[in-house]
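**Student:** Numbering follows full-length UniProt numbering, with no gaps: position 150 of the sequence shown is 150. We put the CB at the ideal spot given by N, CA and C, even for glycine. My questions will all concern the structure given below.
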Amino acid sequence: MKETVFKKSKKLVKIYSKNINFTSFFIKKKYSTYIQNLYLICRTLDELADNNLTAKTKSLKRFILILKQLKTKYNEKLDKISLFIKLLKKNTSLNIKIFIEFIDVLIKDIQYPANIKNEKELLYYCYGVAGTIGLLILPIVNIKQSRQNVVNAIHLGIFMQLINIARDVLEDAFKGRRYLPACWVNNTSAQEIIFLSNSPINKNQIKITHAVRKLLMLSQIFYKKGINNLYQLSYTNRVFINIISSIYYKIYINICKSKTNWIYKRIFISLQYKLFLTLKSFFYGQK
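Take a look at the structure:
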């Protein structure tokens, strides 16, 4: 079972997460394997939350079952996800309670498909689906869970999720979700965003563009907080964190350069540029 999980997670990361796959080459193989396992778990949970309307009831039941199994010492006939989480817990010192927080936010996203009202709700969501992942990564790559490191992990997770939202406005709209706060976009719905993407430039379309810009500005606050005091980490971990955060920062720059950034296809970073960022990170890590 253990080897099957490892192989499946490695394959999944290679196909669906080029950034994680790339950065995994620059940390110890053991830690790389654990991060791939974490990705397998989180992606499976995320896909479960994204199921179409007819499968929502089944998804909710499964989430509730997983939560119940994680909150108890029950180990028989575990759901596959519960089993994967407990297997990862056995090999690392990760906190199951953080997984529970992550799942709670996904359940809320199923029950009330994301139509974020304000900035407070936006940041709560970003913490729930990404700040928590930052916290889970700390013990996986053996980073000391000091107050400073915990805060940095949360901030970097939120930064990356804000970039994801800015990049995927239209993609999320096709899933019936709008993560841009309603107060920023005059309560424009996901369906209206899809309609606007095919319309000539108008004031409502410009509102979405301005909201994306505002999202990007907010992301920079968390980026600056997240990379604060990285010099306190070990060289390997400094390089690892700097590579992944630099890749996301480059995505931020590319979105900023696009005038109607949310309409076009998803932005990717070339392998050549990732290698350039990696070289910079190796030099940065020596400081």
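Taking the alpha carbon of ASP104 as the point to measure from, which residue in ASN142, TYR231, PHE63 has its own alpha carbon closest?
**Tutor:** Minimum Cα distance to ASP104 is reached at PHE63.
**Student:** Residues bridged to ASN115 by DSSP?
**Tutor:** In the DSSP secondary-structure assignment, ASN115 is bridged to ARG178.
**Student:** Tell whether a beta-carbon distance below 7 Å holds between ASN37 and LEU83.
**Tutor:** Cβ distance not < 7 Å, so ASN37 and LEU83 don't count as in contact.
**Student:** Among ASP168, ARG177, LEU138, LYS144, which one has its Cα closest to the Cα of LEU106?
**Tutor:** ARG177
**Student:** Between the stretch 129-140 and the stretch 152-171, do three or more beta carbon pairs fall short of 8 Å?
**Tutor:** yes
**Student:** Beta-carbon separation of GLY226 and PHE174 under 7 Å?
**Tutor:** no
**Student:** So the candidates are CYS126, LYS71, ALA49; which of them puts its Cα closest to the Cα of LYS61?
**Tutor:** ALA49
**Student:** Classify ASP172: buried if its beta carbon has 16 or more other beta carbons within 10 angstroms, exposed otherwise.
**Tutor:** Buried, by the Cβ-count rule.
**Student:** Taking the C-alpha atoms as reference points, what is the distance between ILE81 and ILE41?
**Tutor:** The alpha-carbon atoms of ILE81 and ILE41 are separated by roughly 6 Å.
**Student:** When the Cα atoms are used, what is the spatial distance from TYR112 to ALA182?
**Tutor:** 14 Å
**Student:** Measuring alpha carbon to alpha carbon, tell me which residue in ILE251, LYS73, LEU180 is nearest ASN118.
**Tutor:** LEU180
**Student:** In three-state terms, what does DSSP make of SER199?
**Tutor:** Coil at SER199, not helix or strand.
**Student:** List the endpoints of the continuous alpha helix (DSSP H) containing TYR248.
**Tutor:** 235-257
**Student:** Please report the residue range of the alpha helix (DSSP H) in which SER93 lies.
**Tutor:** Segment: none, SER93 is in no alpha helix (DSSP H) and carries neither H nor E.
**Student:** Can you give me the Cβ contacts of ILE116 inside the same chain, cut-off strictly under 6 Å, excluding the 5 residues immediately before and after it?
**Tutor:** LEU122, TYR179, PRO181
**Student:** Which residues bound the alpha helix (DSSP H) around ASP46?
**Tutor:** Start and end: 29-49.
**Student:** Taking just the CA atoms, how far does SER59 sit from HIS210?
**Tutor:** 35 Å
**Student:** In whole angstroms, what is the alpha-carbon distance linking LEU196 and GLN205?
**Tutor:** 6 Å
**Student:** How about LYS253 and SER219: are their beta carbons less than 7 Å apart?
**Tutor:** Residue identity check: residue 253 is Ile in the sequence provided, not Lys. Not closer than 7 Å, so no.
**Student:** Should TYR31 be labelled buried (16 or more other beta-carbon atoms within 10 Å of its own) or exposed?
**Tutor:** buried
**Student:** My output table needs one value for GLU76: the three-state DSSP class, helix, strand or coil.
**Tutor:** coil
**Student:** Thinking C-beta only, is THR23 closer than 7 Å to ILE251?
**Tutor:** Contact flag unset, no.
**Student:** Ignore the nearest five residues each way along the sequence and tell me which others in ASP109's own chain have a CB closer than 6 Å to its CB.
**Tutor:** If we look at ASP109 and ignore the five residues flanking it on each side, its Cβ neighbours are ALA49.
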